[in-house]
Amino acid sequence: MVSGNCAAVRRSVGADVKLHLGVMDIPYENENTTTGDVAEILEGKYRIMQTFFDRHSEEIALMMSNDLAAGLETMLAGAPLPADPFAESMSQVHHLFVAFLDNAEMNGTEGVPTARALEGISKRFKNKKGEPRPSFIDTGMFQASMRAWVSGVLNAFPK
Numbered sequence: 740m741v742s743g744n745c746a747a748v749r750r751s752v753g754a755d756v757k758l759h760l761g762v763m764d765i766p767y768e769n770e771n772t773t774t775g776d777v778a779e780i781l782e783g784k785y786r787i788m789q790t791f792f793d794r795h796s797e798e799i800a801l802m803m804s805n806d807l808a809a810g811l812e813t814m815l816a817g818a819p820l821p822a823d824p825f826a827e828s829m830s831q832v833h834h835l836f837v838a839f840l841d842n843a844e845m846n847g848t849e850g851v852p853t854a855r856a857l858e859g860i861s862k863r864f865k866n867k868k869g870e871p872r873p874s875f876i877d878t879g880m881f882q883a884s885m886r887a888w889v890s891g892v893l894n895a896f897p898k
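Next comes the structure, spelled out in structure tokens:
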């Protein structure tokens, strides 16, 4: 007898679902660094993605459940299931993360705001300095490259 709560059963029915937060690995212009490198450094030092999830997990769960409900309604109406049942909510998570950084929601955690943000240092400006800015938005590539995706969902990534 196999327990209904064992990992093998959860995987076989598509219930071993995992939410991933990360970035598309894009090289920075004129540097030997990528957005993936920056994401690893920032997560190690500031726990940005973890803090984002900790503060917005209920909203994210609601977005995902709304996607599942919409998919179920679609299926019950006789239409084919979407290739990625979480496409809309994952797009919404990206926009929520962009707002999280734009609104300086990391402020108050250890080391935030950063000295570079307070000094307005940015590679976007010709003289490399401007008005104070939110932390973690220098060129904007890290923020723009953020992606959320779900693994372990049947039909989520067709071959």
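For the sequence shown, the numbering used here gives the first residue as 740, with consecutive numbering after it.
Even glycine gets a Cβ: it sits at the ideal position worked out from N, Cα and C.
Over the uninterrupted beta strand (DSSP E) stretch that includes residue i, give me the two end residues.
i	result
G775	No beta strand (DSSP E) holds G775; the alpha helix (DSSP H) holding it covers 774-785.
L899	With the chain covering only 740 through 898, there is no way to say anything about residue 899.
Considering only the beta carbon of each residue, do residue i and residue j sit closer than 8 Å?
i	j	result
S874	T853	yes
Y767	T878	yes
E798	L835	yes
S890	H759	yes
Apply the 10 Å Cβ neighbour rule to residue i and answer buried if 16 or more other Cβ atoms are within range, or exposed otherwise.
i	result
I803	It should be pointed out that residue 803 corresponds to Met in this sequence rather than to Ile. It counts as buried.
T774	buried
P824	buried
D806	buried
F791	buried
T772	exposed
I787	buried
P897	Residue placement at P897 cannot be trusted, given a pLDDT of 46 that sits under 50; the coordinates are not used to answer.
V748	The predicted model places V748 with a pLDDT of 47, which falls under 50 and marks its position as unreliable; any figure quoted below should be read in that light. Exposed, because fewer than 16 other Cβ atoms sit within 10 Å of the Cβ of V748.
M845	buried
M880	buried
Which residue marks the beginning of the alpha helix (DSSP H) containing residue i, and which one marks its end?
i	result
L835	826-841
M880	880-884
R855	854-857
Just to confirm my understanding: we take residue i, look at its own chain, exclude 5 residues before and 5 after, and list those with CB closer than 7 Å. What are they?
i	result
L840	P873, F875, I876, Q882
Between which residues of its own chain and residue i is the CB-CB distance below 8 Å, once the five residues before and five after are set aside?
i	result
M740	Unreliable placement is indicated for M740, whose pLDDT of 48 sits below 50; the coordinate value is still reported in the next sentence. So the list is empty, once near-sequence residues are dropped.
L820	G810, T813, M814, N894
H833	M885, R886, A887
K867	I860, S861
V837	Q882, A883, M885
Within its chain, find whatever has a CB closer than 6 Å to the CB of residue i; leave out the 5 residues flanking it on each side and keep chain order.
i	result
L857	P871
V851	M845, S874
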